[in-house]
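Chemist: Got a structure for you, questions after.
There are 4 protein chains.
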Amino acid sequence: MLHFESDYIQGAHPAILEALAKTNFVAQSGYGADCWCESAKEKIRTACDAPDADIFFLVGGTQANATVIDSMLYKYEGVFAAVTGHINGHEAGAVEAAGIKVLPLPQHEGKIFAAELSDALQTYHADDNREHMIRPGMVYISHPTEYGTLYTKQELEDISKICRSYNIPLFMDGARLGYAIACPESDLTLPDIAALCDVFYIGGTKCGALCGEAVVFPRHGAPAHFFTLVKQHGALLAKGRLLGVQFDTLFTDNLYFDICSNAVRTAQMLRAGLREKGYPFFIETVTNQIFVVVENRKLQELNTRVCSGFWEKADDNHTVIRFATSWATTEEDVKALLEII
Amino acid sequence: MLHFESDYIQGAHPAILEALAKTNFVAQSGYGADCWCESAKEKIRTACDAPDADIFFLVGGTQANATVIDSMLYKYEGVFAAVTGHINGHEAGAVEAAGIKVLPLPQHEGKIFAAELSDALQTYHADDNREHMIRPGMVYISHPTEYGTLYTKQELEDISKICRSYNIPLFMDGARLGYAIACPESDLTLPDIAALCDVFYIGGTKCGALCGEAVVFPRHGAPAHFFTLVKQHGALLAKGRLLGVQFDTLFTDNLYFDICSNAVRTAQMLRAGLREKGYPFFIETVTNQIFVVVENRKLQELNTRVCSGFWEKADDNHTVIRFATSWATTEEDVKALLEII
Amino acid sequence: MLHFESDYIQGAHPAILEALAKTNFVAQSGYGADCWCESAKEKIRTACDAPDADIFFLVGGTQANATVIDSMLYKYEGVFAAVTGHINGHEAGAVEAAGIKVLPLPQHEGKIFAAELSDALQTYHADDNREHMIRPGMVYISHPTEYGTLYTKQELEDISKICRSYNIPLFMDGARLGYAIACPESDLTLPDIAALCDVFYIGGTKCGALCGEAVVFPRHGAPAHFFTLVKQHGALLAKGRLLGVQFDTLFTDNLYFDICSNAVRTAQMLRAGLREKGYPFFIETVTNQIFVVVENRKLQELNTRVCSGFWEKADDNHTVIRFATSWATTEEDVKALLEII
Amino acid sequence: MLHFESDYIQGAHPAILEALAKTNFVAQSGYGADCWCESAKEKIRTACDAPDADIFFLVGGTQANATVIDSMLYKYEGVFAAVTGHINGHEAGAVEAAGIKVLPLPQHEGKIFAAELSDALQTYHADDNREHMIRPGMVYISHPTEYGTLYTKQELEDISKICRSYNIPLFMDGARLGYAIACPESDLTLPDIAALCDVFYIGGTKCGALCGEAVVFPRHGAPAHFFTLVKQHGALLAKGRLLGVQFDTLFTDNLYFDICSNAVRTAQMLRAGLREKGYPFFIETVTNQIFVVVENRKLQELNTRVCSGFWEKADDNHTVIRFATSWATTEEDVKALLEII
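First to last, the protein sequences are chains W, C, V and A.
Letter 52 of the first sequence, counting from 1, is numbered 52 in the numbering used here, and no numbers are missing.
Letter 246 of the second sequence, counting from 1, is numbered 246 in the numbering used here, and no numbers are missing.
Letter 280 of the third sequence, counting from 1, is numbered 280 in the numbering used here, and no numbers are missing.
Letter 338 of the fourth sequence, counting from 1, is numbered 338 in the numbering used here, and no numbers are missing.
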């Protein structure tokens, strides 16, 4: 069986397991006050060119989103997100469970448009009844988006500029951030992101770690008592070292980006092969996710030999499926898949 | 430096790291739908003598408490807990953040008394104004308690009986459950707990795992859509295998209890040695936590060679400190400490 | 100055003030346990042809919406509403503040379409990842809608049928319900609504009372401990009689519908006059709200003599404004307005 | 039947009903932007000697408490209250439903002691683990307390001083504030309270109004977007005039305090009579509430002729009952009761 159903079907990059084993008996304080967390933070600051960044390691993405959003918004504020944004559809209402409204914006292959954001903000601020309404208090974007697409530097600059003119923070969900940055087609670097966003996280779980997301407030600026709010959200690991060791390893010798480059490169191979074979793409992407339309009959056959992800029905006879590559995908895997399909 | 400050200062039992390494490249579905989660659940069901148990793996204790309590209570209900219960004081208000009131009961070395619980329930149900008040909807206990003390079987039976007569669930926080069961002095087995509680969790983080708590609904009975609520609480790992592999290892060949026995045995050694040396105990415990009163001058000296946990000021010249043993504590460690102190 | 800006700019129908004065010194229990609440409930049951209805009086609309929705939904559920629904835009996020997600549906002059509701439910239930998503747990509609439009009996039957087939409650926000039922064009009676909805409220504040909304669960079926949840939402008046006396008066001798008929009739006069004068309507309505497009220059002049409600910009030179009539609007008021405009 | 069961069993002072009738047809904007709200605010500012006060009218007490507390606390903060404080026991968990923990302090006839508050604050700030705990963010007191007792000026100064030294607001629940200020024994004036508290409310419902509480931020300082939070809590009346007219009336010609004086004076008469007849008092009070111990046999007989409030069981043969007087209690009522009892 070949496995392309997602990027979290295997464990961690072997270097992580080695580091966990090597450090296992070293005694260190809990709750993130260990030497590896410190070291990882310093390496991330360097990678982000953000020497004053406040950094926190949280276990997972839904948690990171809910904790960041809850801690940065007043109770009368809401968060803009693409209607397809992960927080709006696929996090079981975690943001609303914290009492906060998601304010949906139109999506364009998963992205929001600066002009529509600007309109929404203007509309709110021009409304006589705005004090009866939830006030926009943050903009959430995901990069890559839920559709595997990427913001350009220009697009991010435009969105950032609007946020700053309204004095509301810009938050980037980077659950798969490594795959964005590893794309040769992308002109957005980690320092760019740190410069343009007010908070973002660097995803570990889907980029080679067992678990963990690094939340970065690039210019100091973590909310007061953020530690307490992390705890309140159940996002504080007693053995914080589990996250520290992993991120310390990922940000040593460029491992994080090497891993993600492998995923992007093998995805590129697969994409080229599929294009050659005439498969239509549901969306054009350059990251580690490929969305392709297959005949249902073909899919049924495929399912016996390859695991893929169901995305949506295309029409009565066709289905959109997702292939995802990862740190662990080999060129042999891709060749094997291309032979079958 | 000797380390006795807590039971979460080192990584995981080596067997866990080995299992993670061995299974690392096996591809499996995410979100807990992997073979190790299944296998671990089956082993836990057997250990609990609870063949119909619904079992879920959550990352940490605060999260497990908040998710279980939030999912089992109606919005007009609250949860009884000892005033010293972890949810009441040390979880950053996570239960209240979910909208639920903790109803404090008096504590006796960390335990609640059945008679006082019964009184509180009677008082509520006899009150003409009870519909203006939060209705008791659950009883939370920790075992071992935050003071390292244990409920007897009789005590748990009494509390359980009251809960059943009022038709409210009894929830046991077992963050250190292994250390309770491994105590020769304890007459409460895992099947007893499964029989007497409606939900409990078996702590991994503080009993040899990197992270993870196994929430057990012993007679089927998980709340509807509990999976969705786990996700909403940010407690669902994409790589659920991280928890599955760990609990599968811990519940193979009795490893969980062997690990905990080591901690209890070395604590017993340390306790005997301290008693011999005339140190007064703040509380008499039989688990892996020892609370002892030391002179401040002595403590200052000690601090240069041993890490211990500050508990509270005893008087102007004395301090209560905590020594905790774990799966990793050796007899040599204990001997070294006893030589120093 | 003429006043057409809203239907809550004056006090209460004089009969209500008289009843308050008449009953003022009669001593009765608080919190809704008074004789007028009882009497009002009985009269409403009769008017709804719902002898088993559970009825509660709450102070205001936002409160009624939040309390009903919060009390009827599980924590993993959300509520469908038109994107223009009052709970989605104009209640300051009260539903989300209670932890619940509003699931927006497309709006058609303020209404939702049964077919689109059905699609949304099917899509959810067909989604493999639905357990990661908020589950639809209620359908909220307003009648009249925020645009003054009305559901037909057929439309309500279609929506009700879908709700029942999915076993989720249908909730009608009737903040202006009287104006709907008083419309000769409407084929939906109060008993129809009671038969087709699972919960609804009969608005008092905007239909002649000082304050108050009557929440009706037409076939018994109020949520358990609803009283406690009303209190928790701050919606329980100590002097519940204030609401009891008002609704008892409104439902005596058809006063509620007579009042609303006056508003509808005067609105009809005004509508006819405006049509004759060639004013284009933003939306065609039959209730007490009229949305008309006026030139900005004209509006400026008008503003010196008539209070109207700003609705939205039509284009650079035109504005949509709202005229609302009420129990207190006279034919003379309408004539005066038609002379000016 | 004589009525002494509570101070909210009758309607409103007749002057209020007259004012409502007189202003009924005057058209004014909704949501508190009417002339009576403005006028009432100005009169309250004068009465409080607080010319910069921000004032808001909310419908009821539970609502006022929850809205004030929710709007002034960060998500990592909790509110100190006497264990017998209304928010802790009798508001159906409204504060916790907003996500906020009540931090109970010991009570002494309903009051908190400055020394114990100070200790609790010191303990928190000295705790090494305080970042795992809810941070004290407000002190809530009620005056009169739930037991009808009063703080002295010295006591309030002491509490206020502690709050200021820790930079946390002091909030006074004045549901029955008029009865405190009207007591000749009390040395706390309204300007004192305005000077010493950061926010408080002047209760209308239990002091002669149909409903309504005036929330006062005495030195400007209402939380940002407080209006929106009032709306979110369902506490914003469309016909805000209902509250404006009432408070405008109450604060004209000293009516509020005259009304309350009547209640205090008749209570004093009743107290003297009961003392003469040898009834033991459960608690000594000087406000409009009297707590007296009666034999159960006597109570049974009494119940056929007088309505009183059950407070609690004293012993197997005795019960504590409450008599409350109000604006409407006459000397004749008191004499009649004293003849019966």
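The C-beta atom is built at its ideal place from N, Cα and C for all residues, glycine as well.
Who are the neighbours of K41 of chain A on chain W, taking C-beta pairs under 9 Å?
Modeler: Ordered by position in chain W, no residue passes the 9 Å Cβ test against K41 of chain A, which lies about 18 Å from the chain.
Chemist: By alpha-carbon positions, which one of W:E96, W:I159, W:I134 ends up nearest to A115 of chain W?
Modeler: W:I159
Chemist: Check this for me: beta carbons of I321 of chain V and V294 of chain V, under 8 Å apart or not?
Modeler: yes
Chemist: Applying a beta-carbon distance threshold of less than 7 Å, which residues of chain W neighbour I16 of chain V?
Modeler: The premise fails here: I16 of chain V is roughly 26 Å from chain W at the closest Cβ pair, so nothing lies under 7 Å.
Chemist: Taking DSSP's pairing of strands, which residues face S142 of chain W in a bridge?
Modeler: W:D173
Chemist: When you compare the CB positions of T205 of chain V and A238 of chain A, do they come within less than 8 Å of one another, or not?
Modeler: yes
Chemist: In the DSSP output, which residue or residues are listed as bridge partners for E77 of chain V?
Modeler: V:R135
Chemist: Rank A:N288, A:V139, A:D70 by C-alpha distance to the C-alpha of E5 of chain A and give the top, closest one.
Modeler: The option with the nearest alpha carbon to E5 of chain A is A:N288.
Chemist: Would G273 of chain C count as contacting chain W if we go by Cβ distances under 8 Å?
Modeler: no
Chemist: If you run the structure through DSSP and keep just helix, strand and coil, what is V245 of chain V?
Modeler: helix
Chemist: Got a sec: is the Cβ-Cβ distance from T228 of chain C to anything in chain W below 8 Å?
Modeler: Yes, its Cβ sits closer than 8 Å to a Cβ of chain W.
Chemist: CA-CA distance, D187 of chain A and A194 of chain A?
Modeler: 14 Å
Chemist: Chain A beta carbons: is any one of them nearer than 8 Å to that of L103 of chain V?
Modeler: no
Chemist: Name the DSSP bridge partner or partners of R322 of chain A?
Modeler: A:F291, A:G309
Chemist: Which residues in the same chain as A209 of chain W place their Cβ atom closer than 7 Å to its Cβ, once the five residues preceding and following it in sequence are excluded?
Modeler: A12, I16, Q246, L250
Chemist: Can you tell which of V:E18, V:A50, V:I9, V:Q10 has the C-alpha that lies nearest to the C-alpha of P218 of chain V?
Modeler: V:A50
Chemist: Report the option in V:Y179, V:K161, V:A81, V:F226 whose CA atom is closest to the CA atom of L58 of chain V.
Modeler: V:F226
Chemist: Look up I344 of chain W in the DSSP assignment and say whether it is helix, strand or coil.
Modeler: No statement about residue 344 of chain W is possible, as the shown extent of chain W runs from 1 to 341 and does not include it.
Chemist: Indicate whether at least one CB of chain A lies closer than 8 Å to the CB of D128 of chain C.
Modeler: yes
Chemist: Does DSSP put K277 of chain C in a helix, a strand or coil?
Modeler: coil
Chemist: Relative to the C-alpha of Q107 of chain A, which residue among A:G309, A:S142, A:I9, A:L196 is closest?
Modeler: A:S142
Chemist: Looking at the C-beta of A27 of chain C, does it have a partner C-beta in chain W at a distance below 8 Å?
Modeler: yes
Chemist: Look at I134 of chain A and Y74 of chain A and say whether their C-beta atoms are less than 8 Å apart.
Modeler: no
Chemist: Verify the CB distance criterion: does I134 of chain A have a CB-CB separation below 8 Å to chain C?
Modeler: yes
Chemist: Using beta-carbon positions only, say whether E91 of chain W and K231 of chain C come within less than 8 Å of one another.
Modeler: yes
Chemist: Inspect the beta-carbon positions of F171 of chain A and P136 of chain A and report whether they are closer than 8 Å.
Modeler: no
Chemist: Just how far apart, CA to CA, sit I259 of chain C and N24 of chain W?
Modeler: 16 Å
Chemist: Out of curiosity, what's the CA-to-CA distance linking G178 of chain A and G203 of chain V?
Modeler: 33 Å
Chemist: Measuring straight from C-alpha to C-alpha, what distance separates E284 of chain A and A214 of chain C?
Modeler: Annotation: E284 of chain A to A214 of chain C spans about 54 Å, alpha carbon to alpha carbon.
Chemist: Which two residues bound the contiguous alpha helix (DSSP H) that contains Y124 of chain A?
Modeler: 114-126
Chemist: Establish whether the CB of G99 of chain C and some CB of chain V are separated by less than 8 Å.
Modeler: yes
Chemist: So what's G203 of chain V in DSSP terms, helix, strand or just coil?
Modeler: strand
Chemist: Bridge partners for K111 of chain W per DSSP, in chain order?
Modeler: W:H108
Chemist: Exposed or buried, what is P104 of chain C when buried is set at 16 or more other beta-carbons lying within 10 Å of its beta-carbon?
Modeler: P104 of chain C comes out buried.
Chemist: If you run the structure through DSSP and keep just helix, strand and coil, what is V286 of chain V?
Modeler: coil
Chemist: Need the endpoints of the alpha helix (DSSP H) that E301 of chain W sits in, please.
Modeler: 296-302
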